[in-house]
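What follows is one structure encoded as structure tokens, with my remarks underneath.
There are 2 protein chains.
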Amino acid sequence: MTEGKHTPAKGDGAEPGRDLQHIVTSADVAREAGVSRSTVSRCLSGDRRISEATRLRVQETANRLGYHVNKIARSMNTRKSDLIGLVTSGLSDPFRVEFLDKLILAIQQSGYRPLVIDVSDPAQMGTSMMHLLQYQVAGVVVTSGSPPPEVGVHFLKRNVPVVLVNRAGRLEGADVINCDNVRGGEMAADLLLETGKTRFGFLNVKGGTFSGNVRGETFVSRLAPRLASGDISFTPLVCDSADYDGGFNAALKFLATPETAPNAIFCAKDHIALGLLDAARFELGLRIPEDIAVVGFDDIAAARQGAYQLTTVCQSATKLAEMTVDRLRQRIRGDALTDQRLILPVEMTCRRTA
Amino acid sequence: MTEGKHTPAKGDGAEPGRDLQHIVTSADVAREAGVSRSTVSRCLSGDRRISEATRLRVQETANRLGYHVNKIARSMNTRKSDLIGLVTSGLSDPFRVEFLDKLILAIQQSGYRPLVIDVSDPAQMGTSMMHLLQYQVAGVVVTSGSPPPEVGVHFLKRNVPVVLVNRAGRLEGADVINCDNVRGGEMAADLLLETGKTRFGFLNVKGGTFSGNVRGETFVSRLAPRLASGDISFTPLVCDSADYDGGFNAALKFLATPETAPNAIFCAKDHIALGLLDAARFELGLRIPEDIAVVGFDDIAAARQGAYQLTTVCQSATKLAEMTVDRLRQRIRGDALTDQRLILPVEMTCRRTA
DNA sequence: TCGTTGAATGCACACGTGTGCATTACCATT
DNA sequence: AATGGTAATGCACACGTGTGCATTCAACGA
């Protein structure tokens, strides 16, 4: 059986639409429109030096033939792609999911495509990041996981911009975007001080995260004067995992004796706070906020649900995503050359837990 | 200023490591190892016809030079990429997020990379799907959104396998994977019948989704004998959005007069059920399950949180993801040529709401 | 010693696109 | 009419890889 690779199929019985395998290339458009392939390329990329007549004719032909540029081939030539790598670690953290949701949308609206890399498995991390390089990504957003010092360097070496969002790491050449953890910690302290409660606590995951640690530090700093005068007390609280179960178990452990346990608790993130609330109410029979006042951080969707009505420090996932994409585009254009540290303002959202 | 593109830089002062822009290609490895570029390619792709000696030498050289294959170039040649397109519609639906989480993991472990396309904006949908084609994706998973009849066809035309998960659409040439909505609806009916409640309801979003409609239909079918005998009644309930707020508002609307309102309610999905529960308990002062029994569907993470303890039909996101990737790989290999309809078994998880 | 065989490797083409440079055609100016 | 200038378009190369085919070489049997 003979099969020519790209037989023009002039006169034989095959209809042109019947050859399902063949994908329309710019050469096909060129031949059909009676111009050179270069002209086709220039027409579709909006080159000024093309006459209006041929531009229209070529575009019409392209549409009629159903031509779509092959981005793989384009990337090979330009050594750049429309892909932006999103490095994350699972989709279990609610705020991170909200952020990714908005980020994906913003990326698409800017004409780019998100290439997600999950580094939940630390062993896979190195190779996964390399895969991003192999796809010539135009930029990288790192939102989580273990420290990326050595991998980030590989991107910067190739002039691929890197943005770190809500995480630690002072990477030479990369931009850093954080929500205002400092102000957030202060606001939480101020609010809880107003409740008149006296036994303060800060609940964070064991070992701590970058964001969580900053929130806790400024929280305590704000309490310092009252602590010094002996008006109030402070106890650091630690849970095993930074999620609902972690908060739940921590409540069982630390709030068992309500008379002496902390009664004004700031949680490093909402998800932990929700677990704490459930355990306190349903397992220990405590009233919120009468017995215990709770403040969270992030303002995830669940925080405003009727079952929780969590008072929390709100950071806008939408704005965070917009800032990220804006900065990335500046870097890709080559506009901004000096590293930048951006801070997203936060605000207190008062509901019923404090 | 003269600038040769790839000057070998034989003798001038530039150290080899100084040229940060230059990325190591297979030609570099070939030159360094003293073989041809073909040999390098064959060594790294595990071709049998290469002697052990040269294979080791080439691999050592590749590692030493830090060579990584350029997947863009490879894709251009083979007309296939390691990318698998994930078509979704936002990350607001909790179960879909859990599914995507497991799916991304499974895809990566199979050596592929997920390229996410968000079609929240219906207007962008057509072009977004086209972008997938332009990246030569090896396969496509469609998890949501408006019907894809015309777009799916484009992929199948190019022999790109398409798998539809938990959604409507009988697409010629595509595989379909669903959880056992039929059995789930029946199980929900059986459980609620056991409670002895008499006024049944099924809460679904306005217009309905494919999965939701099937669940509701079989639910009612199972109730049919008892309905016919007049033992019980049934009322269809409709909410405006398929999420927490939708369920919340529906409860306020339909459960305002508890004496006549349905007291055994099956919700099309957990997220809706959670909203219903909160409104019933905290806004209307109803007791669960004494006043109203509620059954959900999906078994999302929040369903097992202390605040809800939702009784629900469980479908495993992990298994669903594994089935999806398995099927996709079979198609990519070209093993399976006939369309397939796969059903994921479900089971009832009894907690405290029914 | 010669022909045969099989393993190991190199040559050269193809994949589809962007773009610097050369070429052509046309118009205005001298 | 000759010349200079500019707008429009084509030519040809490069991007980095996989692979069919040809080639080389050593071993082996006759």
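These protein sequence lines are chains X and L, in that order.
Start counting the first sequence at 0; every next residue gets the next number (numbering that gives the first Met the number 0).
Start counting the second sequence at 0; every next residue gets the next number (numbering that gives the first Met the number 0).
Where is the CB? At the ideal position from N, CA and C, for every residue including glycine.
- Cα atoms of residue 48 of chain L and residue 42 of chain L: separation of roughly 9 Å, rounded to the nearest angstrom.
- Remark: C-beta atoms of residue 198 of chain X and residue 263 of chain X approach each other more closely than 8 Å.
- By the Cβ-count criterion, residue 158 of chain X is exposed, with fewer than 16 other Cβ atoms from all chains shown falling within 10 Å of its own Cβ.
- With contact defined as three or more Cβ pairs closer than 8 Å, the stretch 311–325 of chain X and the stretch 236–250 of chain X are not in contact.
- For residue 281 of chain L, at least one C-beta of chain X is nearer than 8 Å to its own C-beta.
- Rounded to the nearest angstrom, the gap between the Cα atoms of residue 138 of chain X and residue 331 of chain X is 7 Å.
- Contact check for residue 233 of chain X and residue 265 of chain X: beta-carbon distance about 10 Å, past the 8 Å limit, so the pair fails to qualify.
- Distance from the CA of residue 169 of chain L to the CA of residue 84 of chain L, rounded to the nearest whole angstrom, comes to 19 Å.
- It is roughly 13 Å from the alpha-carbon of residue 105 of chain L to the alpha-carbon of residue 140 of chain L.
- Only residues of its own chain outside the window of five on either side were considered, and among them 269, 295, 309, 311 have a CB closer than 7 Å to the CB of residue 302 of chain L, listed in chain order.
- Close CB contacts of residue 298 of chain L within its chain, under the 6 Å cut and outside five residues either way in sequence, are with 311, 313, 348 (chain order).
- Rounded to whole angstroms, the gap between the alpha carbons of residue 257 of chain L and residue 290 of chain L is 8 Å.
- Under the three-state reduction of DSSP output, residue 47 of chain L falls in the coil class, being neither helix nor strand.
- Of all residues in the stretch 253–277 of chain L, the ones placed with a Cβ closer than 9 Å to any Cβ belonging to chain X are 273, 274, 276, 277, in chain order.
- DSSP, reduced to helix, strand and coil, places residue 343 of chain X within a strand of the structure shown.
- Here the alpha carbons of residue 187 of chain X and residue 226 of chain X stand approximately 16 Å from one another.
- Residues of the stretch 321–353 of chain L with a C-beta less than 9 Å from any C-beta of chain X: none at all.
- With contact defined as three or more Cβ pairs closer than 8 Å, the stretch 66–81 of chain X and the stretch 49–68 of chain L are not in contact.
- For residue 160 of chain L and residue 112 of chain X, the gap between their C-alpha atoms comes out near 21 Å.
- In the structure shown, residue 262 of chain X adopts coil according to DSSP, grouped into three states.
- Going by DSSP, residue 197 of chain X is part of no alpha helix (DSSP H) at all; its letter is neither H nor E.
- Just measuring C-alpha positions, the residue of X:46, X:28, X:274 sitting nearest residue 59 of chain X is X:28.
- When C-beta distances to chain X are compared with 7 Å, the residues of the stretch 228–251 of chain L below that value are 243, 247, in chain order.
- A straight line joining the alpha-carbon of residue 151 of chain X with that of residue 201 of chain X spans about 32 Å.
- The three-state reading of DSSP puts residue 349 of chain L in coil, since its state is none of H, G, I, E or B.
- Under a 10 Å Cβ-count criterion, residue 95 of chain X is classified as buried, with 16 or more other Cβ atoms of the shown protein chains found around its own Cβ.
- The beta carbon of residue 72 of chain L falls within 8 Å of a beta carbon belonging to chain X, placing the residue at that interface.
- Neighbourhood of residue 22 of chain L in chain X, by CB distance below 7 Å: 157, in chain order.
- Contact between residue 283 of chain L and residue 352 of chain L is absent: CB atoms are separated by about 15 Å, not below the 8 Å threshold.
- Under a criterion of Cβ atoms nearer than 7 Å, no residue of chain L is adjacent to residue 286 of chain X; the nearest Cβ is some 14 Å distant.
- Chain X has no Cβ within less than 8 Å of the Cβ of residue 88 of chain L.
- Under DSSP, residue 331 of chain L takes part in no beta bridge, so it has no partner.
- DSSP places residue 100 of chain L outside any beta strand (DSSP E); the residue lies instead in the alpha helix (DSSP H), whose first and last residues are 93–108.
- For residue 242 of chain X, no beta strand (DSSP E) run applies, since DSSP gives it neither H nor E.
- Taking 8 Å as the cut-off between beta carbons, the residues of the stretch 125–136 of chain X near chain L are 127, 129, 130, 132, 133, 134, 135, in sequence order.
- By alpha-carbon distance to residue 80 of chain L, the top candidate from X:88, X:87, X:69 is X:69.
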